[in-house]
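Right, one structure below, let's go through it.
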Amino acid sequence: MRGLVLAGTSSGVGKTVTTLAVGRAIEAAGADVQPAKAGPDFIDPSHHTITFGTPSRTLDGWLQGETGVRRNYSRGTGDVCLVEGMMGLYDGKVQSTAAVAETLGLPVVLVVDASAGMESVAATAVGFEEYANRIGRDIDVTGVIAQRAHGGRHETGIRDALPDSLTYFGRIPPRDGLEIPDRHLGLEMGAESPLDQQSITAAAETIDAERLLEVAREPPDPATAVEERPDTEFSPRDPVQSEPDSHASTVAVARDHAFCFSYPATLERLRELAEVVTFSPVDGETLPACDGVYLPGGYPELHADELTDSPAIGDIAAAAREGRPVLGECGGLMALSETLTTADGTQYEMAGVLPAAIQMADRYQALDHVQLETRHSTLTADAGESRRGHEFHYSTASVASDARFAFDVARGTGIDGDHDGLIEYQTLGTYCHLHPESGAIDAFVERLWRGARRPN
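Heads up: the sequence shown begins at 1483 in the numbering used here, then just goes up one per residue.
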């Protein structure tokens, strides 16, 4: 599958809208689109899925390792993969859009905000092209898409100023229907605030899909990938090689507006290793019959009223007390705690499994790639193992003095700056979002097969 990386000069230049419009243009040219996102984000991919009807692949070398990035890319479907970048092209301490483009050997199309510039758009693009050579990175900046650019003299001025080494691939015009509302954690989810599809189609008319298809490139095969560079080296846990007879274990996965942050690869891996049933605590559903529970992240703070009265929350608490494995990531941690206090000061009762009180804040409390060192064997790792993930949350957790933690934080913030992963019974609640390439999902399902081991 050939691919392109749509990279921004910075955050906020309109990468998501550009990705949707470019994808629509490529579809109109007769090619099927596989969307993807550089970095650990859950929100932008939700807009990809709404527009293209295909789950967006997450590509992040910190979470997955370089081989994992190539492997996850190769699992996509379609003729052309459009990879939306994170932040600006070169931004990110341990992972960047540039690193993903280099790992996959894909050409970069630079998205530049042209609302207040013409020749300066070309100067910006040339700077991004030359910077790769200056820092010795194999980044092929092949051309430009002008975001928020008018036609006529504005477009002509941009196109004519570009050197021969940079192709003008078109523009996204300023128009109503191309703005996504935002809130804490970023844009609103695709299911909540989908862009007007007619506006996307209209924006696609000013994109040169044929030229984009000409420069799209096939990445190296994961099986023949080169060795990982020392600065991004990461050896995740080897995948489980054998599966249980008849998929003996059943995992109940919460899926609704409160629990909407799960990577497609996570659900894919769970379905490879176990039976998966989904349920909606927000909609008042009960917990299905299961051997274990997975509560992804999301927005429990926006649905605290429904959750406090949800029979599923009581069912999860009972399952935890019975010793069934329950894994909660970020929003899942919040729902498993004793109370959740929203930003307006209203306190809601949660499951009460973990000895913590959650308080929402007005600004983010953690935003970073994370590395955790396992103190005690738990649902996602054995003692002594490392796990890499990502955290982004607006809440804090006040924990009891006798609370037990599964992890020491080697990078990131965690629950108290030094630790993450509250453990009680066979329940683990963590602020860290994990990708299955880390081995966390394999470890979780192993414990369902063989009987969850109590923490040391």
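Glycine residues also receive a C-beta, built at the ideal position from the N, C-alpha and C atoms.
Selected residue, minimal CA-CA separation from residue i, among the options
i       : options                               : result
Ala1786 : Val1764, Asp1514, Tyr1776 and Ala1863 : Val1764
Gly1899 : Ile1923, Asp1850, Ile1662 and Trp1931 : Asp1850
Gly1766 : Val1487, Leu1777 and Pro1793          : Pro1793
Ala1800 : Pro1770, Ala1607 and Ala1596          : Pro1770
Glu1867 : Arg1845, Glu1873, Asp1890 and Ser1883 : Asp1890
Leu1644 : Leu1571, Tyr1555, Asp1658 and Thr1624 : Thr1624
Phe1874 : Ala1596, Ala1684 and Ile1897          : Ile1897
Gly1490 : Val1582, Arg1506, Thr1531 and Tyr1572 : Tyr1572
Gly1494 : Pro1517, Lys1519 and Leu1669          : Leu1669
Ser1744 : Gln1516, Asp1514 and Asp1523          : Asp1523
Val1881 : Thr1790, Arg1869 and His1901          : His1901
Val1562 : Ala1756, Arg1932, Glu1692 and Leu1809 : Glu1692
Ala1740 : Cys1812, Ala1925 and Val1697          : Cys1812
Met1568 : Ser1762, Thr1828 and Val1487          : Val1487
Gly1535 : Arg1870, Ala1673 and His1915          : Ala1673
Leu1777 : Thr1790, Phe1887 and Thr1760          : Thr1760
Val1593 : Gly1618, Glu1637, Gly1599 and Val1626 : Val1626
Gly1599 : Gln1847, Thr1895, Leu1784 and Arg1641 : Arg1641
Leu1755 : Arg1932, Ile1508, Pro1537 and Ala1513 : Arg1932
Gly1634 : Ala1734, Leu1660, Pro1704 and Arg1653 : Arg1653
His1530 : Val1591, Arg1737 and Pro1746          : Pro1746
Glu1661 : Val1608, Ala1503, Arg1870 and Tyr1555 : Ala1503
Thr1540 : Ala1888, Tyr1781 and Thr1748          : Thr1748
Arg1886 : Gly1894, Thr1912 and His1872          : Thr1912
Thr1606 : Ile1617, Gly1570, Ala1583 and Thr1585 : Gly1570
Gly1810 : Ser1556, Glu1783 and His1915          : His1915
Where residue i falls, given that 16 or more other Cβ within 10 Å makes a residue buried
i       : result
Tyr1907 : buried
Glu1919 : buried
Pro1701 : buried
Pro1527 : buried
Arg1657 : exposed
Ala1510 : exposed
Pro1718 : Only weak support exists for where Pro1718 lies, its pLDDT of 45 falling under 50; the value from the coordinates is given anyway. Per the 10 Å Cβ criterion, buried.
Tyr1876 : buried
Gln1680 : exposed
Thr1549 : buried
Asn1615 : exposed
Arg1845 : exposed
Thr1828 : exposed
Arg1737 : buried
Ala1825 : exposed
Gly1512 : exposed
Gly1547 : buried
Ile1508 : buried
Asp1720 : Bear in mind that a pLDDT of 46 at Asp1720, under 50, signals an unreliable position, so the number given afterwards is only what the model happens to contain. When all chains shown are included, Asp1720 counts as exposed.
Ser1647 : exposed
Ala1802 : buried
Which residues DSSP lists as bridging residue i, in chain order
i       : result
Phe1887 : Leu1904
Gln1516 : Cys1563
Val1591 : Leu1488 and Gly1625
Ile1689 : Gly1652
Ile1840 : Leu1822 and Ala1879
Phe1743 : Gly1779
Tyr1830 : Leu1822
Val1758 : Val1733
Leu1849 : Phe1874
Arg1959 : Residue 1959 lies beyond the stretch modelled for the chain, which goes from 1483 to 1938, so this question has no answer here.
Arg1893 : Gln1853
Glu1811 : Thr1912
Contact belief for residue i with residue j at Cβ below 8 angstroms, rounded distance in angstroms
i       : j       : result
Gly1779 : Gly1814 : 6 angstroms
Leu1818 : Thr1860 : Actually they are not in contact, since the Cβ atoms of Leu1818 and Thr1860 sit about 14 angstroms apart, beyond 8 angstroms.
Met1842 : Thr1821 : At roughly 11 angstroms, the Cβ-Cβ gap does not stay under 8 angstroms, so Met1842 and Thr1821 are not in contact.
Glu1750 : Ser1731 : Between Ser1731 and Glu1750 the Cβ distance is about 16 angstroms, and since that is not below 8 angstroms, they are no contact.
Leu1854 : Ala1892 : 7 angstroms
Leu1564 : Ala1631 : Not a contact, Cβ separation roughly 20 angstroms.
Residue i versus residue j - alpha carbon distance
i       : j       : result
Leu1545 : Ala1863 : 15 angstroms
Ala1879 : Asp1678 : 38 angstroms
Ile1798 : Ala1604 : 56 angstroms
Asp1773 : Pro1807 : 7 angstroms
Ala1628 : Gly1796 : 52 angstroms
Asp1595 : Ala1839 : 43 angstroms
Ala1520 : Glu1831 : 36 angstroms
Ala1685 : Thr1768 : 44 angstroms
Ile1682 : Gly1574 : 29 angstroms
Lys1497 : Thr1688 : 16 angstroms
Ala1698 : Thr1500 : 16 angstroms
Gly1639 : Phe1926 : 56 angstroms
Arg1484 : Ala1581 : 18 angstroms
Asp1622 : Glu1788 : 49 angstroms
Asp1690 : Glu1696 : 10 angstroms
Arg1870 : Gln1577 : 12 angstroms
Pro1589 : Ile1532 : 25 angstroms
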